[in-house]
Each structure stands twice: as structure tokens, then as C-alpha cells.
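Read the structure below first, then the notes.
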Amino acid sequence: MKKQKTRIEKDSLGTRPVPADAYYGIETVRAVENFPVSGLRFHSDFIWALAAIKKGCALANRALGCLDGRRAAAIVKACEEVMAGKHEREFVTDALQSGAGVSVHMNANEVITNRALEILGRKRGDHAYLHSHDHVNMGQSTNDVVPTALRLAALKLSREFWKASFELEKALLKKAKAFGKVVKAGRTHLQDAAPVTLGQEFGGWANQLRKARGRLVLMTAGLLELGIGGSAVGTGLNTSLRYRAKVIANLKKITGFSVKSAPDLFSVMQNDADFAAVSGALRDYSLSLIQIANDLRLMSSGPNTGFGEIRLPALQPGSSIMPGKVNPVIPEVVAQVGYQVIGNDTAIAFAAASGECELNVMRPVIIHNLLQSFEILKNTLVILRTRCVEGIEADRERCRQYAESSFGIAAALNPYIGYSRAAECVKEAVKTKKTLSQVVLSKGLLSEKELARILSPENLTRPPK
434 MKKQKTRIEK
444 DSLGTRPVPA
454 DAYYGIETVR
464 AVENFPVSGL
474 RFHSDFIWAL
484 AAIKKGCALA
494 NRALGCLDGR
504 RAAAIVKACE
514 EVMAGKHERE
524 FVTDALQSGA
534 GVSVHMNANE
544 VITNRALEIL
554 GRKRGDHAYL
564 HSHDHVNMGQ
574 STNDVVPTAL
584 RLAALKLSRE
594 FWKASFELEK
604 ALLKKAKAFG
614 KVVKAGRTHL
624 QDAAPVTLGQ
634 EFGGWANQLR
644 KARGRLVLMT
654 AGLLELGIGG
664 SAVGTGLNTS
674 LRYRAKVIAN
684 LKKITGFSVK
694 SAPDLFSVMQ
704 NDADFAAVSG
714 ALRDYSLSLI
724 QIANDLRLMS
734 SGPNTGFGEI
744 RLPALQPGSS
754 IMPGKVNPVI
764 PEVVAQVGYQ
774 VIGNDTAIAF
784 AAASGECELN
794 VMRPVIIHNL
804 LQSFEILKNT
814 LVILRTRCVE
824 GIEADRERCR
834 QYAESSFGIA
844 AALNPYIGYS
854 RAAECVKEAV
864 KTKKTLSQVV
874 LSKGLLSEKE
884 LARILSPENL
894 TRPPK
């Protein structure tokens with residue numbers, strides 16, 4: 434085996450060989466050695482956010498005369514490359530790692546430093562000229578950079594999530610309109626209940642998701658308040674108010690988000706309630722999504738021995754032994770994603786409650802779980818819309834049969850023959866295997882014309898004007 438070429442780098446603990454062709458450096462090597470935990474990596478949008486912050490800080494330091502133009506320009510160019518995803522393979526630290534995210538932060542500082550050195554025509558590791566701590570990290574701390582990066586990454590993902598949710602809502606509303614006159618049996622306690630239209634069910638789902646999306650929008654607004662400039666503990670050590678203002682202005686321009694400096698930097702560095710609130714909104718959204726997925730599975734069950742009211746697109750064979758079997762695979766994966774988001778929220782809640790004094794060191798697990806929740810949910814919403822909802826068909830005849838044979842329609846008779854008589858008719862219909870209409874007519878309680886009017890789809894599924 435050919436021996437890998439290395440360079441020797443030094444930090445405050447000593448020296449270590451670093452792969453010669455790597456942009457990362459010694460502190461990243463130590464993190465890889467120390468945390469071979471999960472094999473998981475940080476979300477690409479979090480890396481984008483780290484680079485955006487480094488760019489904003491370099492521009493601020495240049496404007497204040499703290500960083501010369503040549504070094505600043507090289508740092509900015511390196512940051513822009515990272516933001517474009519060019520050096521993604523250089524971010525090698527595990528997602529579950531040192532408290533507060535020191536390791537991933539230094540991974541970013543080192544990659545940007547060594548790439549900037551290369552841009553300046555110097556060798557990687559020439560830290561006497563450009564240093565990851567003294568230049569790229571000037572005026573910053575893991576403690577204000579990492580939570581700020583999570584806020585920016587979550588804001589970026591939330592935009593994509595909202596779009597996917599809105600498109601799913603539109604698809605559900607389109608089906609609600611198409612199925613507006615398809616009358617079917619309603620069910621409560623999984624027993625016969627008063628009839629509804631298939632369109633009313635789809636419309637209800639769309640409104641559930643619209644409201645859940647609205648709650649998430651409200652929660653993400655809190656992420657616009659940034660703690661950058663607070664440095665190590667919120668006091669702004671080694672910075673100035675001018676620096677803080679310039680960094681915020683730069684980030685607003687770089688990201689396009691209406692970010693602002695938090696009114697109290699101590700609170701956003703001590704506490705991660707904003708992230709817990711967003712996670713909670715994603716959890717609540719998932720609860721609705723799970724219910725919709727389960728209803729789709731029930732309503733499409735069969736085809737011969739289940740509800741069979743709707744047909745989902747057939748996407749893949751459903752069994753390795755039963756020929757012709759097709760399963761509701763999209764609703765199944767949707768529910769599983771919902772369960773994962775609920776689990777992520779639990780992990781986030783415990784981590785958010787675990788801060789001490791001026792810092793919550795449990796942020797890496799919050800970063801991983803929150804951004805994963807956004808990612809898997811937004812992807813799932815697109816899949817649910819394009820590979821399931823848009824292709825759903827109604828079995829109109831079966832829906833009509835269920836509506837007519839459901840004893841739930843007895844509720845419509847209450848104003849005309851009373852609850853007790855209606856209940857007796859239901860009991861007799863169950864015992865004799867007759868329809869409810871047949872029993873009512875045989876007892877002479879209503880005429881055929883009256884019964885037809887009372888049990889018409891219009892009267893059964895909506896109140897009179």
C-alpha cells in the first residue's frame with residue numbers, strides 16, 4: 434500500500450501529521466480521532482451557514498481595518514467556494530462531537546484558512562502568514578458562531594419546507610374539488626358514522642397542514658435574532674459594537690434573510706428555546722402528517738377485503754411471496770418520517786434543557802436533529818404530493834355503497850322520527866340484514882319521497898343555507 438503523504442501541523446497540544454492534500458488541519462484530525470461515533474456528517478446547509486458567517490466577519494474586519502485587504506479577499510473567496518459546496522468532502526467531523534460544536538467550527542476555520550493560503554499562492558499549513566484562529570476566526574467564538582450558523586441553516590431549510598408544504602396543500606385542495614360530490618360513509622371509532630364527501634376529507638387534510646405551516650412560520654421568526662458578536666459569553670470580548678453591526682449587515686446581504694442582532698446576546702447564547710420551539714412546530718406538523726398517512730392507508734386498504742374507497746398509484750410490487758400485491762408505500766414512509774421527527778424533537782428538548790450558565794454545550798445534537806427534521810420532512814412532502822396525492826383515484830361506486838349501507842345515516846332521521854325510533858330501526862336493520870331505508874319504509878314512518886329528500890347527499894353532508 435502506498436504511504437499517504439502528510440504535512441506536520443502544530444496546535445497548543447503538540448503536533449500531528451495531516452494528509453498533505455487536505456484543506457482541514459490538526460484540530461480536525463484530533464476530532465476525527467476523538468469522535469468516531471456515528472458516521473453522520475453535518476448538514477450541507479449548516480456548512481454553508483458557517484462559511485457565510487466567516488465571510489461576513491472577514492468583510493467586517495476588513496472594513497474596520499483589523500484585517501488587511503489581501504488576506505480578507507482570500508478568506509472571502511474561500512468562503513464563497515465552501516458556500517457553493519466545492520469543499521464538502523473536507524468537512525469530516527462527526528455530527529455527534531465535542532460540546533458546543535468546537536470541532537466542526539475549527540474544521541471550517543481550517544478549511545477556509547488553508548484554501549485561502551492556496552489562493553494567496555502559499556502552502557497549506559503556512560499559519561505564520563494566515564492563521565485559523567487569529568485571522569479567519571477574528572472576533573469570533575464557537576459560542577456565537579455555531580448557534581448563529583444553526584439559525585441561518587434552519588431559516589434556509591424552512592423556506593424550502595414552506596414551499597413543499599404549500600404545494601402539497603394545493604394538491605390536496607385540487608383533489609378536494611374533484612371529489613366534492615363523492616359521498617361516502619363517515620367513520621368515528623372506526624364504526625359507521627354520518628356520511629361525508631371524500632372532498633371534505635381531503636379539504637380537511639389541506640387545512641390541517643396549512644395551520645401547521647402557519648405555526649411553524651411563527652416559530653421560525655425567532656431565528657432571525659442572531660447572537661453573533663457576543664464572542665465567548667455574550668459580552669463581545671475582543672469585538673466592538675461597530676463590528677457587530679457590520680457583521681449583521683453583511684449577513685443580511687449575504688443570506689437574504691431579515692436578520693438582526695438579538696436584543697440580549699446572553700439569552701441567545703445561554704438558551705436554545707428558539708430551536709426547541711421550531712422543533713416543536715415540526716413535531717406538530719408531523720402529527721397531522723401521520724394522521725393523513727394512516728387515513729390514506731385505511732381508505733385504500735384492500736383492494737377486496739378493506740375499505741377500498743380510493744386507489745393510490747401502484748409504485749412497486751408489495752410482496753416477495755404474494756403475486757400481484759401492491760402496498761401503500763408512500764403513506765408508509767410518510768408515517769415513518771413523522772415518527773423520526775417526533776424522536777428528533779425529544780432529543781432536542783433534552784439537549785435544550787441541558788445548558789449551564791453562559792452556554793449550552795449540547796448543541797451538536799440539536800443541530801443534527803433539527804436540520805434532519807427539516808430535510809426529511811421537506812423531501813417527504815414532495816414525495817407524498819408527486820408520487821401519491823396527485824395520482825389518487827376514487828372508487829365512486831364503492832363510496833356510494835358504503836354511504837347508503839352505513840347506519841350512520843340514521844342521525845339524519847332524528848328530526849323526523851326521533852332518536853329512539855331511529856335507534857330501533859337501526860337495531861332491526863342489523864338483525865334482519867335489511868337497509869335502514871327498507872326498515873323505515875316497512876314501518877310506514879316516512880314516505881319514499883320524504884326518505885329520498887332527507888337522505889340526499891346534499892342534506893347528509895352539509896347544513897341547509
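Position 152 (the sequence shown) corresponds to 585 in the numbering used here; numbering is contiguous.
Idealized CB from N, CA, C, for every residue including glycine.
Rounded to whole angstroms, what's the CA-CA distance from residue i to residue j? Just pull it up for me.
i	j	result
T630	F612	7 angstroms
Y457	E543	5 angstroms
M516	V701	25 angstroms
L814	V770	10 angstroms
V762	K686	43 angstroms
I743	A597	24 angstroms
L729	E523	43 angstroms
E823	K607	9 angstroms
S880	L810	54 angstroms
G502	R592	34 angstroms
G851	A844	9 angstroms
A714	C858	47 angstroms
E634	A782	33 angstroms
G669	C499	16 angstroms
K867	R833	17 angstroms
T621	S839	12 angstroms
E600	V767	16 angstroms
R648	W481	26 angstroms
A855	T894	19 angstroms
P896	K864	31 angstroms
H476	S753	35 angstroms
H564	K556	12 angstroms
N812	A862	48 angstroms
A604	S471	38 angstroms
T688	R829	50 angstroms
Drop a sphere of 10 angstroms on the beta-carbon of residue i, count the other beta-carbons inside from all chains shown, and report buried for 16 or more, exposed for fewer.
i	result
M755	exposed
I441	exposed
E883	exposed
L623	exposed
P469	exposed
P628	buried
Y562	exposed
K438	exposed
Q573	buried
G757	exposed
Y772	exposed
R677	buried
T779	exposed
S536	buried
T653	buried
A549	buried
Out of the options, state which residue places its alpha-carbon closest to the alpha-carbon of residue i.
i	options	result
V578	G498, N671, S664	S664
S694	R829, G660, D717	G660
K488	N777, A528, K443, H568	H568
G667	E523, L642, N704	N704
G532	R829, L846, L804, V794	V794
R716	T546, E523, S806	S806
G534	L888, R796, L893, N812	R796
A464	R646, W481, L529	L529
G447	I459, F594, G632, A747	I459
A827	F594, S733, E808	S733
D527	I800, S875, I887, R831	I800
V462	R648, P450, R677	P450
A747	A785, R820, A780	R820
R886	F594, L684, Y849, A780	Y849
T546	D454, R504, G632, M652	R504
V509	H560, E891, L553	L553
C651	D707, L869, A626	Note that residue 651 is Leu in the sequence shown here, rather than Cys. With distances taken between Cα atoms, L651 lies closest to D707.
F740	N576, A836, L550, E891	A836
L878	A496, N847, P890, G558	N847
T672	N570, E521, H520	N570
With a cut-off of 8 angstroms on the beta carbons, I'd call residue i and residue j a contact; round off their distance for me.
i	j	result
E602	A639	5 angstroms
A484	C512	4 angstroms
A710	G776	At roughly 18 angstroms, the Cβ-Cβ gap does not stay under 8 angstroms, so A710 and G776 are not in contact.
K589	D478	5 angstroms
C490	V680	6 angstroms
L642	S721	6 angstroms
A586	L804	6 angstroms
For residue i, is the beta carbon positioned less than 7 angstroms from some heavy atom of the ligand ZN?
i	result
L483	Questions concerning the ligand ZN fall outside what the structure shown contains, since it holds no ligand whatsoever.
Inset, instruction - Let me know the alpha helix (DSSP H) ranges lying completely inside the segment 754 to 811, each 4 residues or longer, listed in chain order. - result: 762 to 785
Inset, instruction - Could you name each continuous alpha helix (DSSP H) segment of 4 residues or more that falls completely within the segment 468 to 547, going from the start of the chain to the end? - result: 477 to 496, 502 to 516
Inset, instruction - Let me know the alpha helix (DSSP H) ranges lying completely inside the segment 659 to 697, each 4 residues or longer, listed in chain order. - result: 674 to 688
Legend entry - Contained alpha helix (DSSP H) runs [length at least 4] in the segment 702 to 743, N- to C-terminal order: 706 to 732
Inset, instruction - Can you check the segment 588 to 635 for any beta strand (DSSP E) of at least 3 residues that lies completely inside it and give the ranges in chain order? - result: 616 to 621, 624 to 630
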